[in-house]
Amino acid sequence: MPIVYMLRHAQSVANTKGILAGQDNSVALSKMGQHQSRLLVPYLSSIKFSKIYSSPLLRCIQTIEPFMQVNPDLDFKIDERFIEMDYGKWSGRRLAALSREKRWRAIQSKPSTFTFPDGESFRQMRRRVDLAILDLKNQKGPILIITHGDIIKMAVASLLDMPIDKFQSFVAEPASLTIFSIDKTKATLLQSNHKISKDIIKYFKGNQLGGGNSLSSIKKWWQR
Numbered sequence: 006m007p008i009v010y011m012l013r014h015a016q017s018v019a020n021t022k023g024i025l026a027g028q029d030n031s032v033a034l035s036k037m038g039q040h041q042s043r044l045l046v047p048y049l050s051s052i053k054f055s056k057i058y059s060s061p062l063l064r065c066i067q068t069i070e071p072f073m074q075v076n077p078d079l080d081f082k083i084d085e086r087f088i089e090m091d092y093g094k095w096s097g098r099r100l101a102a103l104s105r106e107k108r109w110r111a112i113q114s115k116p117s118t119f120t121f122p123d124g125e126s127f128r129q130m131r132r133r134v135d136l137a138i139l140d141l142k143n144q145k146g147p148i149l150i151i152t153h154g155d156i157i158k159m160a161v162a163s164l165l166d167m168p169i170d171k172f173q174s175f176v177a178e179p180a181s182l183t184i185f186s187i188d189k190t191k192a193t194l195l196q197s198n199h200k201i202s203k204d205i206i207k208y209f210k211g212n213q214l215g216g217g218n219s220l221s222s223i224k225k226w227w228q229r
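What follows is the structure, given as structure tokens:
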């Protein structure tokens with residue numbers, strides 16, 4: 006019965022600006038997000054992960070980079086099924102403006118009926134998340150997945166056998182962990198939206214983790 010840790014990427018520049026980033030691979034972590042990614046290192050290092058999967062997007066790669074620099078021999082793979090939802094023409098727009106759209110109500114109350122203009126439907130997203138989770142059932146844990154808020158919420162709804170229209174009832178803030186156990190017959194939610202204590206910043210006094218060009222510095226483990 007593997008224990009699965011789903012980590013939402015740390016705070017991104019788009020988060021600070023209230024922008025719906027979607028699958029934009031140029032969106033990087035904010036300064037706070039970089040700080041959060043370093044705070045995660047001692048906590049994650051205390052767990053002996055058998056496998057690590059990540060969305061291919063830059064903000065997820067940057068979130069896990071400090072941890073992987075300390076633990077370069079862990080089994081790390083990119084899994085496209087954990088990429089952020091494709092928001093189509095809504096990508097790059099401000100949430101404040103989108104919330105005034107009539108169609109916004111459907112996203113909040115009846116997402117199962119909604120498809121983003123030139124983008125993905127919530128049913129399509131649920132399907133790829135279901136397939137990814139199904140693959141985890143036969144694996145040994147613990148497993149770490151670095152992904153996005155809507156993906157985590159949909160995964161929890163799926164694991165608890167809840168309809169798509171209920172997935173918005175969950176919360177997954179930047180740099181938070183959602184933890185569950187899973188086997189062939191059932192799933193148990195252990196923790197939701199768990200945030201790492203700021204006290205562990207003491208771990209970093211006198212240490213410099215991360216830094217450099219993130220994409221070039223992690224290719225050794227990212228592309229193997």
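So the sequence shown is numbered by my numbering: it starts at 6 and just counts up by one. All C-beta atoms in this analysis are idealised placements derived from N, C-alpha and C, irrespective of residue type, glycine included.
Secondary structure within the region 159-190: the beta strand (DSSP E) runs of 3 or more consecutive residues, fully enclosed, are 181-187 (chain order).
Residue pairing of R13 in beta bridges, as defined by DSSP: T152. Look at Q67 here: in three-state DSSP terms it is helix. Here the C-alpha atom of R131 lies approximately 9 Å from the C-alpha atom of S117. For S59, the enclosing beta strand (DSSP E) covers residues 56-59. The C-beta distance from F121 to Y92 rounds to 5 Å, short enough to meet the 8 Å contact threshold. Here K22 carries a helix assignment [DSSP, helix/strand/coil].
Under a 10 Å Cβ-count criterion, L194 is classified as exposed, with fewer than 16 other Cβ atoms of the shown protein chains found around its own Cβ. Buried is the label assigned to L12, since at least 16 other Cβ atoms lie within 10 Å of its Cβ.
Straight through space, the alpha carbons of Q16 and L25 are spaced by roughly 13 Å.
Residue state for A33 is assigned as coil, using DSSP reduced to three classes. Taking all protein chains in view, the Cβ of M6 is surrounded by fewer than 16 other Cβ atoms within 10 Å, so the residue is classified as exposed.
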